[in-house]
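In what follows, a structure is listed as C-alpha cells, so that the remarks can point back to it.
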Amino acid sequence: MRRRLTPWLLPAAILVAWELASRSGLLSARILPEPAAVAAAFWRLLRSGELAHHVAVSTVRAFSALALGGGLGLVLGLLTGTWKAAEALLDTTLQMLRNIPALALIPLVILWFGIDETAKLFLVAVGVFFPVYLNTFHGIRSVDRDLIEMARSYGLSGWQLYRQVILPGALPSILVGLRFSLGLMWVLLIVAETLSAQ
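Residue numbering for the sequence shown follows the numbering used here, beginning at 27 and increasing consecutively.
And the structure:
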C-alpha cells in the first residue's frame, strides 16, 4: 500500500502548496488560479457542455491540419523516396526548411494569415509535415534491396512491387513519423489557439 501511495506524495504536496499560496495571496489568481477554482470551473464548463464543444472544435482543427500536413508529407516522402529525380529536385530544399522551427514562423503566419482559422491550420500543418515526410523518405530508402530483387525475380514490377513489397517495408518508419506528428500536433495547436485567444 505504501509503495502505491509514495509516488503521489509529491504531486499532492505541490497541489497543497499551490492552494495555500493562492489563498494567501502569494500567487496572483490572474497568473495561477487556485486548484479548487480550476476544478470548479472545469466542472461548470463540463456540465454546461461548453467544454465538450470547444474540445470537439479543437480536435477537428487538429486532425484537419494533420490530414493536410501529414498527407502532403506522405505523398512527397513517397515521391522523393522512390524517384531520384524528385529527390534531386525537392529533398535539399525541404531539408533546409525543416531546420526552421515551426514556432519561429509565428510572426510570418500572423502577417500572412492574421489570427484566424487559416493561421492555426497552417502552423500545425507545417509542424506535422516534416516528421511524416522524413520518416516516409527514410522508410522507402530502407527497404531491403535484396527483397526487392527477389520480388522482381518472381515477376513483380511497377505498382504490384510498390504495393506488396516497398510500402509494407516502409510502413513501420511511416508510422513512427505519424506518432511524432500526433504529439507535435497538440503542442502546436495549443500555441496557435493561445495566440488567437480573445
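Glycine included, every Cβ here is placed at the ideal spot set by N, Cα and C.
Pairing G153 with G95 gives a Cβ-Cβ distance under 9 Å.
Here the alpha carbons of L102 and L147 stand approximately 19 Å from one another.
Counting every other CB atom within 10 Å of its CB across the protein chains shown gives Y159 a total of 16 or more, marking it as buried. Counting along the chain, the unbroken alpha helix (DSSP H) around W185 starts and ends at 184-187.
Counting along the chain, the unbroken alpha helix (DSSP H) around E45 starts and ends at 28-50. Taking 8 Å as the upper bound for CB-CB distance, T106 and L98 are not in contact here, some 12 Å apart. Approximately 5 Å separates the beta-carbon atoms of M211 and A88; this is inside 8 Å, confirming the contact. Under the DSSP assignment, W138 falls in the alpha helix (DSSP H) whose first and last residues are 132-139. A78 is a Cβ neighbour of L72, given a cutoff of 9 Å. The beta carbon of W44 sits closer than 8 Å to the beta carbons of L53, L58, E60, P61 from its chain, once the five residues preceding and following it are set aside; these are given in chain order. If only complete runs of 4 or more residues are kept, the stretch 42-120 shows the alpha helix (DSSP H) at 61-74, 76-108, in order along the chain.
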